[in-house]
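Numbering (this note's numbering), first residue to last: 51 to 683.
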Ligand code: PRX
């Protein structure tokens, strides 16, 4: 059953059918029209230059400043007193920042970064929890043309070091510690650990005091934010940068162990982040209170907390903590407190809310909500219905938004007020975007399941993998090289009405609570333990997290521990090497791994084991008997 748009909602919606019509009539002019929603210092001479495909140039010769677009222009237009950020700290403290205050803070940071000798093109790593200074830092970088690389504050020192080295970061911005369920956990200490040992490109570590815990200090290298940025001048003149100037690098998991530094640039990225935020969330400046629950460590935080919303003069909630701190009411209390109208979260959280029970949201007035969004993984129809009924009061449209770190902004989604939605379906490519479902040979399907490809360049597309353009071509473009299509790595289905359903990854990338983790990354962390000779990791279906990590390991002769103690050690090792989000749900010690004659591990069969299914076809195995041994373990 499809949910038709509500007539009243449709009448006032930002988007209309006309948006599809104008994009179809002239796609490039459509994008030029969207780009004109921004302030350009210098207009472009050409909308798209695709002559160097797959590296696109959008809005050629155009110049703009991202921070000016996100902050200054709203103040200049007379909205300086509008709240930009209602910040909620985890322990219960809060802080409101108006656009004028945000401008002053961003200017101070920009002035101080300049004093530190940072210049346009330099890289800055941001390793911070969800505090206002994280957003201020990102905007200050954007203002100066510094390329930021935000590293999720749940990542390990090893992961941080790898990302700082790869990007050649000159500055790391962090906090003394971070609040997690009422306890202050050290964070600056993780930076020290990351930078200790061998010399790195990092010259300074700028530290925001958040929890007040003691921190180790390296004189000359470490700087307190409150001794430096806070004293800098709140006046700063933004300078415009080329539309293709690098805005940020964001590392994401690929099919090999080494994360990919996805590169995004300025003009096209901001155009699409802003356009999608305006239309997909039906955002109305000065009226809506918007809340995206992502962390700035992920692309959702970049595009739908920082750049999209702020470019549209949004008033938004930013929350530092977890949904169950101090208890399971927290999100609903926040919605009630600020009168949140638009709420954007991940299916894994919706399923967690379902588990906690509907009495919890029912104890709160959620009537301010008028639109709900979903992102990060396929949303199962049951969760979709629950979300609409229990959180959305049977009233709100739901936008299931498909996109990736690589796409920079939403690509496939219903348009609220326009699209009749089906629970679980992302429905259709947005106006201006072209997506197809194709078979293995590249034949375009008009119904049935296949691979998801994007067959036209789009403004916020990645411009490469930092430092590895060969990998960029191999990963995304070689699969359908003759057609020139971008291969997303996802499977998709077109139903009998031609509506699109995203089915999930078709490669060795797992999706745990909406976080992308590669099997290879976890395997290499496991074999990093002296007791493990070989490891194979699969993503098994999990009722709450979408997928959960299940590992199979073969021990070395030196393995001293076995049994539960070893399993606990290995889980801890993965958390330490990557992040607690990569911690396997199960680890099975097995005598052998199922391999094909060419030596490839048959993950499909391991997935069958992990999900407790009958085994699929085992005929290509070297030794079909290995499963008897695995089953016994
Ligand atoms: O498999 C798809 C899934 O998340 C992947 C992208 O992950 P990441 O780069 O971390 O970005 C997540 C936030 C944009 C995709 O390849 N995915 C994302 N959104 C959806 C989704 N799968 C199904 N439906 C979605 N709405």
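Just so you know, even glycine gets a beta-carbon here, dropped at the ideal spot from N, CA and C.
Determine the extent of the beta strand (DSSP E) in which residue 689 is found, giving its start and end residues. Residue 689 lies beyond the residue range present for the chain, which begins at 51 and ends at 683; the question has no answer from this structure.
Does the beta-carbon of residue 96 have 16 or more other beta-carbons within 10 angstroms, so that it is buried, or is it exposed? Taking a 10 Å sphere around the C-beta of residue 96, we find fewer than 16 other C-beta atoms and assign the residue as exposed.
Around the ligand PRX, what residues have a beta-carbon under 7 angstroms from a heavy atom of it, in chain order? Listed along the chain, these residues meet the criterion: 302, 348, 349, 350, 424, 425, 426, 427, 428, 429, 450, 451, 452, 453, 454, 455, 456, 476, 538, 539, 540, 552, 554, 555, 561, 564, 565, 566.
Please work out which residues of its chain come closer than 6 angstroms, Cβ to Cβ, to residue 59, disregarding the five sequence neighbours upstream and downstream, and give them in chain order. 467, listed in sequence order.
Express the C-alpha separation of residue 205 and residue 640 in angstroms, rounding to a whole number. For residue 640 and residue 205, the distance between alpha carbons rounds to 29 angstroms.
Kindly indicate which residue of 250, 282, 245 has the alpha-carbon position closest to the one of residue 266. Closest option to residue 266, Cα to Cα, is 245.
In angstroms with no decimal places, state the Cα-to-Cα distance between residue 296 and residue 528. Each residue's alpha carbon lies about 24 angstroms from the other.
Pair within 9 angstroms by beta-carbon distance, residue 241 and residue 258: Here residue 241 is not near residue 258, since their CB atoms are 9 angstroms or more apart.
Can you list, in chain order, the residues of its chain whose CB lies under 7 angstroms from that of residue 516, leaving out five sequence neighbours each side? For residue 516, where only same-chain residues beyond five positions count, the Cβ hits under 7 angstroms are 216, 217, 299, 311, 313.
With a CB to CB cut of under 6 angstroms and the five nearest residues on each side skipped, what residues in its chain are close to residue 567? Around residue 567: 303, 560, 632.
As a quick exercise: from 471, 546, 456, pick the residue whose alpha carbon is nearest that of residue 498. The candidate whose alpha carbon is nearest that of residue 498 is 546.
Quick one: grab the DSSP three-state call for residue 119. Residue 119: helix per DSSP, three-state reduction.
Going by DSSP, which residues form a beta bridge with residue 96? Its beta-bridge partners are 110.
Nearest to residue 365 by alpha carbon, out of 396, 534, 327? Shortest Cα-Cα distance from residue 365 to any of 396, 534, 327 involves 327.
Is the number of C-beta pairs between the region 411-430 and the region 383-402 that are closer than 8 angstroms three or more? With a cut-off of 8 angstroms, the region 383-402 and the region 411-430 count as touching, because enough Cβ pairs lie within range.
Locate the alpha helix (DSSP H) running through residue 278, then write down its first and last residues. Residues 275-278.
Using 8 angstroms for Cβ pairs, my map puts residue 178 next to residue 208. What's the rounded Cβ distance? Contact flag wrong, Cβ pair sits at about 18 angstroms.
Nearest-angstrom beta carbon gap, residue 268 and residue 294 [assumed within contact, 8 angstroms]: The C-beta separation of residue 294 from residue 268 comes to about 37 angstroms, leaving the pair out of contact by the 8 angstroms criterion.
Does the pairing of the region 377-386 with the region 571-582 give three or more beta-carbon distances under 8 angstroms? Flag = no, the region 377-386 and the region 571-582 do not touch.
How many angstroms separate the CA atom of residue 702 from the CA atom of residue 355? The structure shown does not extend to residue 702, since the chain spans only 51 to 683, so no value can be given for it.
Taking 6 angstroms as the limit between beta carbons, can you name the residues of its chain near residue 447, skipping five residues before and five after? 421, 466.
How would you label residue 381, buried or exposed, when you count the other beta carbons within 10 angstroms and need 16 or more for buried? By the 16-neighbour rule on beta-carbons within 10 angstroms, residue 381 is buried.
When you compare the CB positions of residue 44 and residue 637, do they come within less than 9 angstroms of one another, or not? Residue numbering for the chain in the displayed model covers 51 to 683; residue 44 lies beyond these limits and cannot be assessed.
Compare the C-alpha of residue 99 against each of 513, 172, 488 and name the closest. For the options 513, 172, 488, the alpha carbon positioned closest to that of residue 99 is the one of 513.
Quick one, are the C-beta atoms of residue 532 and residue 459 less than 9 angstroms apart? In this structure, residue 532 keeps its C-beta atom at 9 angstroms or more from the C-beta atom of residue 459.
Within 10 Å of its beta-carbon, does residue 52 have 16 or more other beta-carbons around it, so buried, or fewer, so exposed? That one is exposed.
Kindly indicate which three-state DSSP category residue 128 falls into: helix, strand or coil? Helix at residue 128.
Between residue 337 and chain D, is the shortest Cβ-Cβ distance under 9 angstroms, so that the two count as touching? Of the protein chains in the structure, only one exists, and it is not chain D.
Three-state class that DSSP yields for residue 148 in the structure shown: In this structure, residue 148 counts as strand in the three-state DSSP scheme.
Tell me which residue opens and which closes the beta strand (DSSP E) that residue 541 is part of. Run containing residue 541: 536-544, per the beta strand (DSSP E) assignment.
Per DSSP, what kind of secondary structure is residue 343 in: helix, strand or coil? Residue 343: coil per DSSP, three-state reduction.
Taking only three categories from DSSP, how would you classify residue 196? For residue 196, the three-state secondary structure derived from DSSP is coil.
So is residue 485 buried or exposed if we call it buried at 16+ other beta carbons inside 10 Å? By the neighbour-count rule (16 or more Cβ atoms within 10 Å), residue 485 is buried.
Between which two residues does the beta strand (DSSP E) holding residue 500 run? Taken as a continuous stretch (DSSP letters only), the beta strand (DSSP E) holding residue 500 covers 498-504.
For residue 93, is the classification buried or exposed, using 16 other Cβ atoms within 10 angstroms of its Cβ as the cut-off for buried? That one is exposed.
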